[in-house]
Amino acid sequence: MPPPPPPATNPDGAASPDTEEDRPPSPTVPAPLKRVQDTLLSLEYTLRSLSAVAADVQPDGPDDPPEGRVGKTVNEVIRLLGQLDEQKDDVQQNIPKDVVDDIDNNRNPNRSAKARVENTAVQNQFVYSQLLAIQSYRGFLREALVENFPDMAPFLDDTRMDLMKHSGDVLRMHS
């Protein structure tokens, strides 16, 4: 396996913001997945190099391979894609279709994930407020029934009907 690629640079020579040094440390990753990640980083670097080499219109020099610099870089991309194909069976990772669609549509999947989390939080708050409203209504109803039908009081204090007791997960998220 080739060593990890050097950090990608911008045309002005500064390190690009998405280099490995600028990324937060990743949690411990299983070896097969780490190999795939390393291959993907190498592929990303090689594709960036390909765009730079293809944009450079200088004639090939005497030290360049017979297929030229572009051909050499394309061959490296093909080699890395083949390496990924060999590694695919070692990794049992499910990727949501939405994430793949986001990548295919040139959108950042992290933004979509953030939007999904925020949407879930809003829905959770809505359901929580509904539970509170129902619980409040039940309290008022219980009081009115006890006041008008005192013989029913022992049956109305049943904690099995307490919604808040059954909504512990929702309450813990908001506490």
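For the numbering used here, add 13 to where a residue sits in the sequence shown, where the first one is 1.
Cβ coordinates follow ideal geometry from the N, Cα and C atoms, glycine included.
Treat the numbers as computed from the prediction; the structure is a model and nothing was measured.
In the displayed model, Ile116 falls within a helix according to three-state DSSP.
Residues of the same chain with their beta carbon placed closer than 6 Å to that of Gln143 are lacking, with the five preceding and five following residues left out of the count. In terms of CA proximity to Gln100, Thr52 leads the group Val113, Thr52 and Glu160. Going by beta carbons, Glu80 and Thr59 fall outside the 8 Å limit. In the displayed model, Pro109 falls within coil according to three-state DSSP, outside both helix and strand.
Here the alpha carbons of Lys85 and Ile91 stand approximately 10 Å from one another. For the pair Thr41 and Asp98, the Cα-to-Cα distance works out to about 23 Å.
Straight-line measurement puts the Cα of Tyr141 at about 21 Å from the Cα of Arg155.
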